[in-house]
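Student: Residue numbers (my numbering), protein chains in the order written: chain A, 1 to 337; chain B, 338 to 674; chain C, 675 to 1011; chain D, 1012 to 1348.
(1) By the criterion of Cβ-Cβ separation under 7 Å, what are the contact partners of residue 557 of chain B in chain C?
(2) Do residue 860 of chain C and residue 840 of chain C have their C-beta atoms closer together than 7 Å?
(3) Which same chain residues end up closer than 6 Å to residue 424 of chain B when comparing Cβ atoms and leaving out the 5 residues on each side of it in sequence?
(4) Cβ atoms of residue 800 of chain C and residue 822 of chain C: under 7 Å apart, would you say?
(5) Among residues of its own chain, excluding the 5 on either side of residue 436 of chain B, which ones have a beta-carbon nearer than 6 Å to its beta-carbon?
(6) Exposed or buried, which one is residue 989 of chain C when buried takes at least 16 other CB atoms within 10 Å?
(7) Jot down the residue ranges of each uninterrupted alpha helix (DSSP H) in the stretch 1135-1207 of chain D, minimum 4 residues, whole runs only, in chain order.
(8) List the DSSP bridge partners of residue 211 of chain A.
(9) Taking the C-alpha atoms as reference points, what is the distance between residue 2 of chain A and residue 297 of chain A?
(10) Opposite residue 340 of chain B in the DSSP bridges: which residues?
(11) Strictly by DSSP, which residues pair up with residue 628 of chain B?
(12) Under the assumption that residue 1121 of chain D contacts residue 1156 of chain D (Cβ atoms under 8 Å), give the Cβ distance between them as a whole number of angstroms.
(13) How many Å lie between residue 487 of chain B and residue 527 of chain B at the Cα?
(14) Does the stretch 572-580 of chain B touch the stretch 637-651 of chain B, meaning 3 or more C-beta pairs lie closer than 8 Å?
(15) Does the distance from the C-beta atom of residue 805 of chain C to that of residue 881 of chain C stay below 7 Å?
(16) In chain order, what residues of the stretch 230-254 of chain A put their CB closer than 9 Å to some CB of chain B?
(17) Confirm, please, whether the CB-CB distance from residue 814 of chain C to residue 846 of chain C is below 7 Å.
(18) Looking at C-beta atoms only, is the number of pairs between the stretch 1211-1227 of chain D and the stretch 898-907 of chain C that lie closer than 8 Å three or more?
(19) On the premise that residue 255 of chain A lies in contact with residue 319 of chain A, defined as a C-beta separation below 8 Å, what is that separation, rounded to the nearest angstrom?
(20) Give a yes or no on contact between the stretch 346-363 of chain B and the stretch 553-564 of chain B, applying the rule of three or more CB pairs nearer than 8 Å.
(21) Residue 1303 of chain D: buried (16+ other C-beta within 10 angstroms of its C-beta) or exposed?
(22) Pop quiz: residue 32 of chain A and residue 57 of chain A are said to be a contact at Cβ under 8 Å. What is the actual Cβ separation, rounded to whole angstroms?
(23) Residue 770 of chain C versus chain A: which residues are under 7 Å apart at the beta carbon?
(24) Contact defined as beta carbons within less than 8 Å: I believe residue 333 of chain A pairs with residue 294 of chain A. What is the distance between those atoms, to the nearest angstrom?
(25) Have a look at residue 1126 of chain D and residue 366 of chain B and give me their C-alpha separation to the nearest angstrom.
(26) Using a beta-carbon distance cut-off of less than 8 Å, what residues from the stretch 541-555 of chain B approach chain C?
(27) On the DSSP bridge assignment, give the partners of residue 419 of chain B in chain order.
(28) Which class does residue 761 of chain C belong to by DSSP, given the choice of helix, strand or coil?
(29) Run the proximity test for residue 131 of chain A: is its beta-carbon closer than 6 Å to any non-hydrogen atom belonging to the ligand GTP?
(30) If we ignore side chains and look at the alpha-carbon of each, how far apart do residue 374 of chain B and residue 155 of chain A end up?
(31) Short check: CB of residue 1206 of chain D to CB of residue 1181 of chain D, under 7 Å?
(32) Counting only runs of 4+ residues fully inside the stretch 242-269 of chain A, write out the alpha helix (DSSP H) ranges in chain order.
(33) Could you pull out every unbroken beta strand (DSSP E) segment of at least 3 residues lying fully inside the stretch 688-732 of chain C, listed in chain order?
(34) Check each residue of the stretch 946-973 of chain C: if its Cβ is closer than 7 Å to any Cβ of chain D, include it; give the result in chain order.
(35) If you draw a straight line from the C-alpha of residue 753 of chain C to the C-alpha of residue 247 of chain A, how long is it?
(36) Would you report the Cα separation of residue 443 of chain B and residue 617 of chain B, rounded to the nearest angstrom?
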């Protein structure tokens, strides 16, 4: 039986493993100052059409988020996020741990709009309140929705009007690239900083952080928070493997296609999927006894929330590693419940 | 030409790579809650003869150091370290970044003694000074020296007298185990917390942290600092591969033996090695022109410090991956300088 | 013309000034270790019927709030507050500045209820979310409402059920004591920590913090945040002057009475006061042109918020120092607008 | 019997108390935005011959020190201080509490020299070490010595060469002004930021912080650390009283004169005073039994350190409030020991 719990249940995409094996005995300098990281960074700058971008490789998402905020904001400055934003609810207060407030705005679909940003009362405030200085968005969002280019451009314009930085968490950027209307160059053009998530799309681990402008002291921030990997070249090797021949996008397309097959199959069985997700996370609402039966069969997935006394919303996640058969089996077994 | 720059220039020990490849498509829960990590933790408790020990896996040393300090001390409490201690000089203020002072004590050989600890004036102080609460030592030390069991036991007794915690940084514990008079069970018995360094002895990355007593909230601390690896099982897989058949100790013995061959060879050529190091870091003092010649040949190593106008102390580091031939070549080329 | 901007527009209550003058040339130890502070703390313990309480004197409210949170919570623990709570909106992220998240709960009247506390999803969560550990309430609240004894007792029971600390911000405790159904001993019995606000009720500055149980290391926390006043006895002298003959309660009664006279007079003129405040802050809604006229006459007050295109809610605050005539003048002038 | 324990044993200089009393019923805005603070700031700019200086008023020294560091440095930047510096040893890790390392340099007389600053190895380092960004000095120093103008100018030049900020802690600036060769305008010209200590020279409390250049966001930093006094005008009133007619300098001269009378008298009795202090702190070395006798008579002073088995260095501090007779009595009683 299969686990649809998340998109990091397995190890690495075969290309990644192959590249790690192949380069294993090369000797390189540590801490990301090696030719592999340089090559991967160059590749990313090219794909982003951003020759002046500053690229850094980090191990994980929470680490990346806290470093971006800490390195770009002054101590009294705050981040605006949707109430569902990862930095608001799923990082054990990592942002606050660096001294910064997250100002959470209710959002029905996990996305921020300019109107929501402008509803933050501190935007034009005095020294008795925090000073919002950055807007944080995720793409895909934590609930699987996706920003269009027009939506992100509108946020960019809003940020420009109010002197705010725009930071895009790309832990699931692969899935967004595979189903949205933006390419890497759009992300680079519209944000001040974003990242290309490796962990959830084929790497053993790793996030490639892209600053629009040079941040010459970012490595000091990294080291201070224990975020500089000794064998840094592992990150370069992995991103090179994923990005140089399109494996990254292909893996995400595969994950999305399987998720849509799940969506379609679940809907055909008459179960609602209230979140309009085109990406690799799907949120069906099932009767509680159906959920128990699926679990008894050995299926694994996360419980999102109770909908009413008899129904619960669950989360199904697919990845590059999900076998087609697992999806078909699940739908067949769901039909039998 | 070979790089003796450090013990993390290559990838992983073949056993580690093999284990990662073999387990690549297993599906497991994330964040270290998987059977591989449980197995590795159990193995470590057995090797430590510490059935009640609490084991956590982390990616790197600075991350581990800052989390140990932050999770065990109150905000106003401080760490005592040798002035050469990694937490004092080589972590970009990571400890201070968590709000804690490092009280540095001069040490001629990189080791702390009870007398040095007791020289800290704040030990019996009032609320106008920080309150030292932890002694930090490294084994092997940052300059390659090694604590004997008697020395560590004396520090333990000193800590007990003064109500101090004893924390041992084992980034190079493999090398210490391979040349010292202590086994893992001694470390577990004599410290409140220590770690078994993977990064510098065969893992792609990873440090296995061993608390003498349960720390049920340590995972909250980890997550808050971005130190919880999504595919946490990678750490369990690696430590299992290194520890279950003795590969860890064997790799370290090999590194030490090559380092001693370097030491012997360098000394035979008449160059001084002022630090009495039995471990995988050696610190010869060479004429500056000799160093330039070695560099011109393509050898890489770190410059430790200028000794006088004409001489410089360099650092040579060996590892599980160092070929014997590289050592012999180096000695031959040094002789020719 | 008078300023109703706040309750700290003037200097000190005459008794306070007199006491400071009288004791000016006494020599005492610094930092609150003097007989004056000991006497004031003893007086507070007696008034609180809490012989085991631990009393500390601090200069201001934000300082006190951040120290209570920092000294009582672990780094990953969070505070639950009403969205209007001072720690959430009016301290420039001081709580986050100590590394802790404030989990804000919407509240219609500035007060928290057990149901609101229990609505916080993190209450029973895992290591990916902060761990709420403290409930923060203010009495009187930031919008002038007041907790009854039954309400505070219900929160206490809720906190006990969930293992939460209860912290009551008493910046305006005088006003709450003067109009509510609780005495100091009720506050001491029902909370883990609360404070008796001096700044807003007659002191030059100062908050007397009362912990239900000894906090032997609180002075270390104070010093570390620069919150230990060198001439600490100034705080003891002031609280003794305010508390020993009932001046504190009398001053607050006077402020409340004048505020209710304002409320009554404003309501009689037909203006709504939507917040049911029995305390020294009143929030009338006035036409914008009326506000402009009052300002043109020289009256000062804070703008709370725009109600609609033509009306604005303002805040009027009275204090021990407000002359009766100022209130009558204001009402007369408002009637003439 | 008199206490020579410190220069903040009494209340306020009579002029200060008089000014506080006289202005007590004025209504002003809070938080330092009042005419009294504006007036005092203007006066300080004039005395400093620094029309562009940015002046802020704070309650105490540790608070001021931590705010200066936190507001001027990036997280990974460090402060260089003499090992005797207040920020290094007497603030319970307040600087580290804001995330910054204090790099302590041994100093025989409590003063830093350019050579000492340049001995800090991190000065030209990489991202694995903190980046020193500020030099911290105190005048008078913690052991009573005083910088000359030439010495401070040399440090200024050193800071300019290395891109370091120069911060001067003036908790005892009065005493330095009264015995050194610098006026306020010299301090303003030679430092990036310094402060005029009120607490130790006649104020109830208060430090006037002078930035050479505008720091428009400093008030956000202040509020976030709980350092903004609600009745901020108290600080303006006090500094105006002390500075406008020379009372500040006169008070310090008096304190210094009494200290030198103590020095002279103690030396005449044959006791050594190894620290060459021209200021209001004197450090005689006395036999232990003599110290016990003085204490038995009721004299109070701080113990600095044990010199040998039979002798101890004590600290005697004078202030604006010390009666001449107390000094003469002490010398007479010392002679009788």
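Virtual Cβ for every residue (Gly too), placed ideally from N, Cα, C.
Tutor: By the coordinates alone:
(1) For the purposes of this step, residue 557 of chain B is identified with residue 220 of the second chain, where counting begins at 1. Here the neighbours are 750, 801 and 805.
(2) For the purposes of this step, residue 860 of chain C is taken as residue 186 along the third chain, with counting starting at 1. For the purposes of this step, residue 840 of chain C is taken as residue 166 along the third chain, with counting starting at 1. No. Outside cutoff.
(3) Taking the second chain and counting its residues from 1, one reaches residue 424 of chain B at position 87. The answer, listed in chain order, is 402, 418, 432, 439 and 473.
(4) Counted from its first residue, the third chain places residue 822 of chain C at position 148. Counted from its first residue, the third chain places residue 800 of chain C at position 126. For residue 822 of chain C and residue 800 of chain C, no; Cβs fall outside 7 Å.
(5) Looking up residue 436 of chain B in the second chain gives position 99. The residues are 412.
(6) As a first step, residue 989 of chain C is located in the third chain; it is residue number 315 there, counting from the start. The residue in question, residue 989 of chain C, is buried, as its Cβ has 16 or more Cβ neighbours within 10 Å.
(7) Counting whole runs of 4 or more residues, the stretch 1135-1207 of chain D contains the alpha helix (DSSP H) stretches 1160-1173, 1184-1190 and 1195-1201.
(8) Residue mapping note: residue 211 of chain A aligns to position 211 of the first chain, counting from 1. Partner(s): A/54 and A/193.
(9) Position 2 of the first chain holds residue 2 of chain A. Position 297 of the first chain holds residue 297 of chain A. Those two C-alpha atoms are separated by around 10 Å.
(10) Numbered from 1 along the second chain, position 3 holds the residue referred to as residue 340 of chain B. Partner(s): B/637.
(11) Position 291 of the second chain holds residue 628 of chain B. Bridge partners of residue 628 of chain B: none, in fact.
(12) As a working mapping, residue 1121 of chain D is identified with position 110 in the fourth chain. As a working mapping, residue 1156 of chain D is identified with position 145 in the fourth chain. About 5 Å separates the two Cβ atoms, so the contact holds.
(13) Within the second chain, residue 487 of chain B is the residue found at index 150, counting from 1. Within the second chain, residue 527 of chain B is the residue found at index 190, counting from 1. Here the alpha carbon of residue 487 of chain B sits roughly 10 Å from the alpha carbon of residue 527 of chain B.
(14) No, they do not touch.
(15) Along the third chain, read from residue 1 onward, the residue named residue 805 of chain C stands at position 131. Along the third chain, read from residue 1 onward, the residue named residue 881 of chain C stands at position 207. By the CB criterion at 7 Å, residue 805 of chain C and residue 881 of chain C fall outside the cutoff.
(16) The residues in question are 230, 231, 233, 234 and 237.
(17) Position 172 of the third chain, counting from 1, holds the residue named residue 846 of chain C. Position 140 of the third chain, counting from 1, holds the residue named residue 814 of chain C. In this structure, residue 814 of chain C lies closer than 7 Å to residue 846 of chain C by Cβ.
(18) They touch, by the three-pair rule.
(19) Position 319 of the first chain, counted from the start, is the residue given in the question as residue 319 of chain A. Position 255 of the first chain, counted from the start, is the residue given in the question as residue 255 of chain A. Indeed they touch by this definition, with Cβ atoms about 5 Å apart.
(20) No, the stretch 346-363 of chain B does not touch the stretch 553-564 of chain B.
(21) Stepping through the fourth chain from its first residue, residue 1303 of chain D is reached at position 292. With fewer than 16 other Cβ atoms within 10 Å, it is exposed.
(22) In the first chain, the residue the question calls residue 32 of chain A occupies position 32. In the first chain, the residue the question calls residue 57 of chain A occupies position 57. Residue 32 of chain A to residue 57 of chain A, Cβ: 6 Å. Contact.
(23) Along the third chain, read from residue 1 onward, the residue named residue 770 of chain C stands at position 96. The contacting residues are 96, 99, 100 and 101.
(24) Numbered from its first residue, the first chain carries residue 333 of chain A at position 333. Numbered from its first residue, the first chain carries residue 294 of chain A at position 294. So it is a contact: roughly 7 Å between Cβ atoms.
(25) Taking the first residue of the fourth chain as 1, we reach residue 1126 of chain D at position 115. Taking the first residue of the second chain as 1, we reach residue 366 of chain B at position 29. One C-alpha to the other measures close to 57 Å.
(26) Cβ contacts with chain C come from 554.
(27) Reading the second chain from its first residue, position 82 is the one you call residue 419 of chain B. In DSSP, residue 419 of chain B forms a bridge with B/442.
(28) Numbered from its first residue, the third chain carries residue 761 of chain C at position 87. DSSP places residue 761 of chain C in the helix class (H, G or I) of the three-state scheme.
(29) This structure lacks the ligand GTP; in fact it carries no ligand of any kind.
(30) The residue you call residue 374 of chain B lines up with position 37 of the second chain. The residue you call residue 155 of chain A lines up with position 155 of the first chain. Whole-angstrom Cα-Cα distance: 42 Å.
(31) As a working mapping, residue 1206 of chain D is identified with position 195 in the fourth chain. As a working mapping, residue 1181 of chain D is identified with position 170 in the fourth chain. A contact, by the Cβ cut-off of 7 Å.
(32) Here the runs fully enclosed are 247-268.
(33) DSSP runs (the beta strand (DSSP E)) wholly in the stretch 688-732 of chain C: 728-732.
(34) If the cut-off is 7 Å between Cβ atoms, the stretch 946-973 of chain C has nothing near chain D.
(35) The residue labelled residue 753 of chain C in the question sits at position 79 within the third chain. The residue labelled residue 247 of chain A in the question sits at position 247 within the first chain. Here the alpha carbon of residue 753 of chain C sits roughly 45 Å from the alpha carbon of residue 247 of chain A.
(36) Taking the first residue of the second chain as 1, we reach residue 443 of chain B at position 106. Taking the first residue of the second chain as 1, we reach residue 617 of chain B at position 280. Looking at the two C-alpha atoms, the distance is approximately 23 Å.
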